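S.K.: Starting off with a structure, shown below.
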Amino acid sequence: MGFIMKWVVPFLVIAGIFKYRYKILNIAFGSYWLRKVAVQLAMSIPWLRTRFMQSTFR
């Protein structure tokens, strides 16, 4: 029973998240506040911010 709880259950959770990843992202980013926080976090990463700016003003 310990083996199942330790390995199989987390695997099933990860597989479920992977299968429905786009639905989860659409629900999460459908919220104004979550989308705003995600953009702020992304823009606080220098490498990512420069990539966004280069592609935007190309």
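For the sequence shown, the numbering used here gives the first residue as 3, with consecutive numbering after it.
The beta carbon of each residue, even a glycine, is placed where N, CA and C say it ideally should be.
These numbers come from a predicted model, not from an experiment.
#1: Look up Ile26 in the DSSP assignment and say whether it is helix, strand or coil.
#2: Inspect the beta-carbon positions of Leu36 and Ala30 and report whether they are closer than 8 Å.
#3: Check Ile47 in the structure and name its three-state DSSP category.
#4: List the whole-angstrom C-beta distance separating Ile26 from Ile19, where the pair is believed to meet the contact cut-off of C-beta under 8 Å.
M.R.: With the given structure in hand:
#1: helix
#2: yes
#3: coil
#4: 7 Å
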